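Written out below as structure tokens is the structure these notes cover.
Protein chains: 2
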Amino acid sequence: MSGANLLIAQSGGPTAVVNASAAGAALAALRLRGIGGLWAAEDGLVGLLDGRLLDLRAAGRRALRALSRSPGAAFGSCRRGLMDAADRERALAELRRRDVRIFLYVGGNDSMRTAADIDRLARDSGYELCVVGLPKTIDNDLLVTDHCPGYGSAAKYLATTVMEAGLDTEALSSSDRVNVIETMGRDAGWLAAATALARRGGDDAPNLVLLPETPFDEDRFCSAVEERLSRIGRCVVSVAEGLRRPDGAYLRAQDGEFGADHFGNAQLGGAALAVKAVVESRLGAKTRFSIPSTAQRVAGHWVSGRDLGEAAAVGRAAVGLAAAGLGGRMVTLRRLSTSPYRCTTGSSSLDEVAGRTRSFPAEWISEDGMGVRDAFLEYLRPLVLGELRPALRGGLPDYPRLERRYL
Amino acid sequence: MSGANLLIAQSGGPTAVVNASAAGAALAALRLRGIGGLWAAEDGLVGLLDGRLLDLRAAGRRALRALSRSPGAAFGSCRRGLMDAADRERALAELRRRDVRIFLYVGGNDSMRTAADIDRLARDSGYELCVVGLPKTIDNDLLVTDHCPGYGSAAKYLATTVMEAGLDTEALSSSDRVNVIETMGRDAGWLAAATALARRGGDDAPNLVLLPETPFDEDRFCSAVEERLSRIGRCVVSVAEGLRRPDGAYLRAQDGEFGADHFGNAQLGGAALAVKAVVESRLGAKTRFSIPSTAQRVAGHWVSGRDLGEAAAVGRAAVGLAAAGLGGRMVTLRRLSTSPYRCTTGSSSLDEVAGRTRSFPAEWISEDGMGVRDAFLEYLRPLVLGELRPALRGGLPDYPRLERRYL
Numbered sequence: 000m001s002g003a004n005l006l007i008a009q010s011g012g013p014t015a016v017v018n019a020s021a022a023g024a025a026l027a028a029l030r031l032r033g034i035g036g037l038w039a040a041e042d043g044l045v046g047l048l049d050g051r052l053l054d055l056r057a058a059g060r061r062a063l064r065a066l067s068r069s070p071g072a073a074f075g076s077c078r079r080g081l082m083d084a085a086d087r088e089r090a091l092a093e094l095r096r097r098d099v100r101i102f103l104y105v106g107g108n109d110s111m112r113t114a115a116d117i118d119r120l121a122r123d124s125g126y127e128l129c130v131v132g133l134p135k136t137i138d139n140d141l142l143v144t145d146h147c148p149g150y151g152s153a154a155k156y157l158a159t160t161v162m163e164a165g166l167d168t169e170a171l172s173s174s175d176r177v178n179v180i181e182t183m184g185r186d187a188g189w190l191a192a193a194t195a196l197a198r199r200g201g202d203d204a205p206n207l208v209l210l211p212e213t214p215f216d217e218d219r220f221c222s223a224v225e226e227r228l229s230r231i232g233r234c235v236v237s238v239a240e241g242l243r244r245p246d247g248a249y250l251r252a253q254d255g256e257f258g259a260d261h262f263g264n265a266q267l268g269g270a271a272l273a274v275k276a277v278v279e280s281r282l283g284a285k286t287r288f289s290i291p292s293t294a295q296r297v298a299g300h301w302v303s304g305r306d307l308g309e310a311a312a313v314g315r316a317a318v319g320l321a322a323a324g325l326g327g328r329m330v331t332l333r334r335l336s337t338s339p340y341r342c343t344t345g346s347s348s349l350d351e352v353a354g355r356t357r358s359f360p361a362e363w364i365s366e367d368g369m370g371v372r373d374a375f376l377e378y379l380r381p382l383v384l385g386e387l388r389p390a391l392r393g394g395l396p397d398y399p400r401l402e403r404r405y406l
Numbered sequence: 000m001s002g003a004n005l006l007i008a009q010s011g012g013p014t015a016v017v018n019a020s021a022a023g024a025a026l027a028a029l030r031l032r033g034i035g036g037l038w039a040a041e042d043g044l045v046g047l048l049d050g051r052l053l054d055l056r057a058a059g060r061r062a063l064r065a066l067s068r069s070p071g072a073a074f075g076s077c078r079r080g081l082m083d084a085a086d087r088e089r090a091l092a093e094l095r096r097r098d099v100r101i102f103l104y105v106g107g108n109d110s111m112r113t114a115a116d117i118d119r120l121a122r123d124s125g126y127e128l129c130v131v132g133l134p135k136t137i138d139n140d141l142l143v144t145d146h147c148p149g150y151g152s153a154a155k156y157l158a159t160t161v162m163e164a165g166l167d168t169e170a171l172s173s174s175d176r177v178n179v180i181e182t183m184g185r186d187a188g189w190l191a192a193a194t195a196l197a198r199r200g201g202d203d204a205p206n207l208v209l210l211p212e213t214p215f216d217e218d219r220f221c222s223a224v225e226e227r228l229s230r231i232g233r234c235v236v237s238v239a240e241g242l243r244r245p246d247g248a249y250l251r252a253q254d255g256e257f258g259a260d261h262f263g264n265a266q267l268g269g270a271a272l273a274v275k276a277v278v279e280s281r282l283g284a285k286t287r288f289s290i291p292s293t294a295q296r297v298a299g300h301w302v303s304g305r306d307l308g309e310a311a312a313v314g315r316a317a318v319g320l321a322a323a324g325l326g327g328r329m330v331t332l333r334r335l336s337t338s339p340y341r342c343t344t345g346s347s348s349l350d351e352v353a354g355r356t357r358s359f360p361a362e363w364i365s366e367d368g369m370g371v372r373d374a375f376l377e378y379l380r381p382l383v384l385g386e387l388r389p390a391l392r393g394g395l396p397d398y399p400r401l402e403r404r405y406l
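Sequence order for the protein chains is A and B. So the first sequence is numbered by numbering that gives the first Met the number 0: it starts at 0 and just counts up by one. So the second sequence is numbered by numbering that gives the first Met the number 0: it starts at 0 and just counts up by one.
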């Protein structure tokens, strides 16, 4: 087989649309004359290091097309970077052994660091390799790109969930008066903020939004909850898992029970329990809580059509960059206008985004720190548009899986 | 206004389809000549005691019809029964004062006890009142009826959520190998069991289902998780919030932090955290958890079409019973056949269902106690069928609210 060998891999938490990016890239590569082997590393970097590669040509167009409607990460993903010199040597050796000349890595900011590492590694050792990153994170916290594929779908799911929780709380305000919904978002409040889209009238849920960007002020929070309870009899609170106290410590129910991943990121989940404890002990109001957790990133049954379309476009653009020999870059989404919404793809250097976090902008946080401004909602609105129901069987989604054919 | 005055009220936790039952009843009553006032008690029994009644004739047909597609409980609900003699006197006095002659109460087993109480109270004091109960509970734990409106939609939502969590766990089995999803279900495992519908192949999620009907055997559970981890590298566990230890104590993360409602029911939520702690401490496998909580009962964006249709039919049947003067009864759903699915409405005496719980049948639990048998899935399959997308605005549901016009 002539042409450059292309390897694609998925990294970090799955999303509802990361397979659309991977399939978009693979289908674009299949249409290119200059591509030889078209492979995927199983379980991201882990499979590259272990030499576990899947043959996407053998999988075929039809399977790849079907894949783009399935949430998860069809090739397998990982939470691991290049840890030491041994890792780096092994990664390069594997790429050389297979004569991989194009490496596409789909992931968030930690994964872009890995991609940047591999790019540098190849350059330093004189191995010709075109590395292109594809943004993927429901956290929406990558720099340079207007937004990240995966975010729109998670935002749509969370805003819908909070809207529905609001109706639940309205119905039961004679007893269960407070409801706390915890979103993901370790360092940036993009997901918690997105729940504000559920609000159509002034006192709709969410009544308060707690972001990691605003240190948790227990007194002000309790006053705000109390005001809602006395005026409308209920309060729905969205809280980011990464909410911190003024001293920088994460708010969480059970310190010590949560671990950390390879990148040193604390495994969170429990801010809702901590907020519940505050409300119940200080205000005596019965408080429910929901922790959707992984459900918010893989809700293929309620995906944003626009998000899915843009994820596929990012995949195609990555292959376009590689075909033009533009390595060391990450594809970006460039918004040209919001009304009407127009967006195109662009690119950024990997080093600009690697390992860095884009906080939720201070100018989009309301004055009291527990809400968002309209300018953010204007930014967000186009990203959740469009419905795409998955194929169904027996009333449930019928998500295809990729048959894994190893090299 | 001539004719009998009809009062309807909603009680207990909201569902995705309880408004369809209420609207179904109200629309049927509007078509009857013999009905005078058509009212709803705000916040269930609480509004009856306080004399807060809504005028449904003033609301109008169009609003009632729109209502049936909105999750929650549009008239307001409560978690309160008749507590003492003062309550009983007050309830009867309010019914007399408004000359209410038909009382429809929509709820679960605690609410049916309240309905039975009111029925007895009226009879004992010689006040002519026709009391009809409408079953409503995602817990599916009412006796006599084949199933309960609300269950099919919650089952569809939870099975979809666990299916999607399964894809998430498959993708990340190189790091996050165990995922625990907590369902509602205080005393009966119907909801946790329903997640088994997600499984299309032998090793699909959920790999294990923990029901309140099977005391939690930590050793057997750990062995079962270990077997999955060594064979397929991952394990997705569905756990009912009401899972108990062999000594009868609820499994929960933080004893003492959870209250109880008026009926003495413990407020749960935390079994997933307890299971996570067991897996991490004994097997050292990183474990994620999700607690969808209220989201599972009001997921109007992913409702079962059949459930919604049956909920409306239950509302109509309740009015039919009342028109025939058959009080002291609850409407039931009677399954005539499963394949093809045929179901009609019937009725049961309120006393037969009041305050009693229908456990998940022992013969539907698998031998190891951590799964369900095919006979249950055959029972469940018809109940989740049919899609009905809500009206949408800006990519999110556009749920109507009832404008509350007080009497």
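Even glycine gets a Cβ: it sits at the ideal position worked out from N, Cα and C. Source: prediction; values computed, not measured.
- Could you tell me which residues DSSP puts in a beta bridge with residue 39 of chain B? The count along the second sequence starts at 1 and reaches residue 39 of chain B at position 40. B:7 and B:53, per the DSSP bridge assignment.
- Message: Does residue 258 of chain A pass the burial test, meaning 16 or more other C-beta atoms within 10 Å, or should it be called exposed?
- Response: On the first sequence, residue 258 of chain A is found 259 positions in, with the first residue counted as 1. Any answer about residue 258 of chain A is weak, because its pLDDT of 46 lies below 50 and its placement is not dependable; what the coordinates show is given next. Taking a 10 Å sphere around the C-beta of residue 258 of chain A, we find fewer than 16 other C-beta atoms and assign the residue as exposed.
- Distance, Cα to Cα, residue 19 of chain A vs residue 314 of chain A? Taking the first sequence and counting its residues from 1, the one referred to as residue 19 of chain A is at position 20. Taking the first sequence and counting its residues from 1, the one referred to as residue 314 of chain A is at position 315. Taking the straight line from one Cα to the other gives about 8 Å.
- Along the chain, where does the beta strand (DSSP E) that runs through residue 104 of chain A open and close? On the first sequence, residue 104 of chain A is found 105 positions in, with the first residue counted as 1. Run containing residue 104 of chain A: 99 to 106, per the beta strand (DSSP E) assignment.
- Is it right to say residue 82 of chain B is buried, meaning 16 or more other beta carbons lie within 10 angstroms of its own, or is it exposed? Indexing the second sequence from 1 puts residue 82 of chain B at position 83. Here residue 82 of chain B is exposed: its Cβ has fewer than 16 other Cβ atoms, across all protein chains shown, within 10 Å.
- Query: In chain order, what residues of the same chain have a beta carbon less than 7 Å from the beta carbon of residue 202 of chain A, not counting five sequence neighbours either side?
  - Reply: Position 203 of the first sequence, counting from 1, holds the residue named residue 202 of chain A. Once the five neighbours on either side are set aside, the close Cβ partners of residue 202 of chain A are 231.
- Task: Mind checking which residues open and close the beta strand (DSSP E) that includes residue 222 of chain A?
- Result: As a first step, residue 222 of chain A is located in the first sequence; it is residue number 223 there, counting from the start. Run containing residue 222 of chain A: none in the beta strand (DSSP E); it sits in the alpha helix (DSSP H), 217 to 231.
- Is residue 313 of chain A close to chain B, meaning its C-beta is less than 8 Å from at least one C-beta of that chain? To locate residue 313 of chain A, count along the first sequence from 1; it is residue 314. False, the Cβ-Cβ gap to chain B never drops below 8 Å.
- Let me know the alpha helix (DSSP H) ranges lying completely inside the segment 326 to 385 of chain B, each 4 residues or longer, listed in chain order. Within the segment 326 to 385 of chain B, the complete alpha helix (DSSP H) runs of at least 4 residues are 349 to 352 and 373 to 379.
- Task: Just mark residue 125 of chain B as buried or exposed, buried being the case when its beta carbon has 16 or more other beta carbons within 10 Å.
- Result: One-based indexing of the second sequence puts residue 125 of chain B at position 126. So residue 125 of chain B counts as exposed.
- Task: Could you check how far apart the C-beta atoms of residue 31 of chain A and residue 101 of chain A are, in whole angstroms? I think they sit under 8 Å.
- Result: Taking the first sequence and counting its residues from 1, one reaches residue 31 of chain A at position 32. Taking the first sequence and counting its residues from 1, one reaches residue 101 of chain A at position 102. Wrong, their Cβ atoms sit about 10 Å apart, outside the cutoff.
- Message: Short of 8 Å Cβ to Cβ, which residues in the segment 289 to 301 of chain B face chain A?
- Response: Correct list: 289, 290, 291, 292, 293, 294, 296, 297, 298, 299, 300 and 301.
- Taking 8 Å as the CB-CB cut-off, is residue 77 of chain B touching chain A? For this step, residue 77 of chain B is matched to residue 78 along the second sequence. Yes, contact with chain A.
- Message: I'd like to know whether the C-beta of residue 155 of chain A is nearer than 8 Å to at least one C-beta of chain B.
- Response: Along the first sequence, one-based indexing puts residue 155 of chain A at 156. Taking Cβ atoms only, chain B reaches closer than 8 Å to residue 155 of chain A, which makes this a yes.
- Message: Against chain A, with Cβ distances strictly below 8 Å, would residue 394 of chain B count as a contact?
- Response: In the second sequence, the residue the question calls residue 394 of chain B occupies position 395. Chain A, which has a Cβ nearer than 8 Å to the Cβ of residue 394 of chain B, makes this yes.
- Task: Could you check what DSSP says for residue 200 of chain A in three-state terms: helix, strand or coil?
- Result: Taking the first residue of the first sequence as 1, we reach residue 200 of chain A at position 201. In the structure shown, residue 200 of chain A sits in coil (DSSP, three-state: anything other than H, G, I, E or B).
- Message: Taking 7 Å as the limit between beta carbons, can you name the residues of its chain near residue 193 of chain A, skipping five residues before and five after?
- Response: Residue 193 of chain A sits at position 194 when you count from the first residue of the first sequence. Hits under 7 Å: 154, 157, 158 and 379.
- How long is the line joining the alpha carbons of residue 323 of chain A and residue 120 of chain A, rounded to whole angstroms? Within the first sequence, the letter at position 324 stands for residue 323 of chain A. Within the first sequence, the letter at position 121 stands for residue 120 of chain A. In a straight line, the C-alpha of residue 323 of chain A is about 21 Å away from that of residue 120 of chain A.
- Message: Let's see if you can read the secondary structure: which residues bound the alpha helix (DSSP H) around residue 18 of chain B?
- Response: Residue mapping note: residue 18 of chain B aligns to position 19 of the second sequence, counting from 1. Going by DSSP, residue 18 of chain B is part of the alpha helix (DSSP H) stretching over 17 to 29.
- Task: Return the Cβ separation of residue 299 of chain B and residue 385 of chain B in integer angstroms, given the expectation that the two are a contact with Cβ distance under 8 Å.
- Result: For the purposes of this step, residue 299 of chain B is taken as the residue at position 300 of the second sequence. For the purposes of this step, residue 385 of chain B is taken as the residue at position 386 of the second sequence. The C-beta distance from residue 299 of chain B to residue 385 of chain B rounds to 14 Å, too long to fall under 8 Å, and the pair is not in contact.
- Message: DSSP has residue 181 of chain B in a bridge; who is on the other side?
- Response: Within the second sequence, numbered from 1, the residue matching residue 181 of chain B stands at position 182. DSSP lists B:238 as partners of residue 181 of chain B.
- Message: Any contact between the segment 221 to 237 of chain B and the segment 169 to 184 of chain B? By contact I mean 3 or more CB pairs, one from each, below 8 Å.
- Response: Contact holds: three or more Cβ-Cβ distances are below 8 Å.
- Message: What would DSSP say about residue 133 of chain A, mapped onto helix, strand or coil?
- Response: Numbered from its first residue, the first sequence carries residue 133 of chain A at position 134. Of the three classes helix, strand and coil, the one that applies to residue 133 of chain A here is strand, per DSSP.
- Query: Under the three-state reduction of DSSP, which class applies to residue 292 of chain A: helix, strand or coil?
  - Reply: In the first sequence, residue 292 of chain A corresponds to position 293, counting from 1. Judged by DSSP in its simplified three-state form, residue 292 of chain A adopts helix.
- Task: Could you say which of B:221, B:211 and B:215 lies nearest to residue 241 of chain B if we only look at CA atoms?
- Result: As a position in the second sequence, residue 241 of chain B is number 242, starting the count at 1. Of the candidates B:221, B:211 and B:215, B:211 places its Cα closest to the Cα of residue 241 of chain B.
- Message: Taking only three categories from DSSP, how would you classify residue 207 of chain A?
- Response: Counting from one through the first sequence, the residue named residue 207 of chain A turns up at place 208. In the structure shown, residue 207 of chain A adopts extended strand secondary structure according to DSSP, grouped into three states.
- DSSP state of residue 256 of chain B, grouped into three classes? Counting from 1 along the second sequence, the entry for residue 256 of chain B is found at position 257. With a pLDDT of 40 at residue 256 of chain B, under the threshold of 50, the modelled position of this residue cannot be trusted; read the value that follows with caution. Here residue 256 of chain B carries a coil assignment [DSSP, helix/strand/coil].
- Have a look at B:23, B:130 and B:136 and flag the residue whose alpha-carbon is nearest the alpha-carbon of residue 312 of chain B. The sequence position of residue 312 of chain B within the second sequence is 313, counting from 1. Nearest option by C-alpha distance: B:23.
- Message: I'd like to check one pair, residue 297 of chain A with residue 14 of chain A: are the Cβ atoms closer than 8 Å?
- Response: Sequence index remark: in the first sequence, residue 14 of chain A carries index 15 (1-based). Sequence index remark: in the first sequence, residue 297 of chain A carries index 298 (1-based). Yes; because the gap between Cβ atoms is below 8 Å, this pair is in contact.
- May I ask whether a heavy atom of the ligand COA can be found less than 7 Å away from the beta carbon of residue 278 of chain A? Here there are no bound small molecules, and the ligand COA is not part of this structure.
- Query: Rounded C-beta distance between residue 344 of chain A and residue 335 of chain A? I'm assuming under 8 Å.
  - Reply: Start at 1 with the first residue of the first sequence, and residue 344 of chain A comes out as number 345. Start at 1 with the first residue of the first sequence, and residue 335 of chain A comes out as number 336. Going by Cβ atoms, the distance from residue 344 of chain A to residue 335 of chain A rounds to 11 Å, so no, they are not a contact pair.
- Task: Return the residue from the list B:45, B:36 and B:25 that minimises the CA-CA distance to residue 11 of chain B.
- Result: Within the second sequence, numbered from 1, the residue matching residue 11 of chain B stands at position 12. Comparing Cα positions, the closest option is B:45.
- Query: Where residue 367 of chain B and residue 29 of chain A are concerned, what is the direct C-alpha to C-alpha distance, given to the nearest angstrom?
  - Reply: Here the question's residue 367 of chain B lines up with position 368 in the second sequence. Here the question's residue 29 of chain A lines up with position 30 in the first sequence. The straight-line gap from Cα to Cα measures roughly 48 Å.
- Message: According to DSSP, is residue 398 of chain B part of a helix, a strand, or is it coil?
- Response: Locating residue 398 of chain B in the second sequence gives position 399, where the first residue counts as 1. Reduced to three states, the DSSP call for residue 398 of chain B is coil.
- Residue span of the alpha helix (DSSP H) that contains residue 278 of chain B, given as start and end: Locating residue 278 of chain B in the second sequence gives position 279, counting from the first residue. It spans 270 to 282 - the alpha helix (DSSP H) in which residue 278 of chain B sits, taken as one unbroken run.
- Query: Out of curiosity, what's the CA-to-CA distance linking residue 166 of chain A and residue 293 of chain B?
  - Reply: Indexing the first sequence from 1 puts residue 166 of chain A at position 167. Indexing the second sequence from 1 puts residue 293 of chain B at position 294. One Cα belongs to residue 166 of chain A, the other to residue 293 of chain B, and the distance between them is close to 10 Å.
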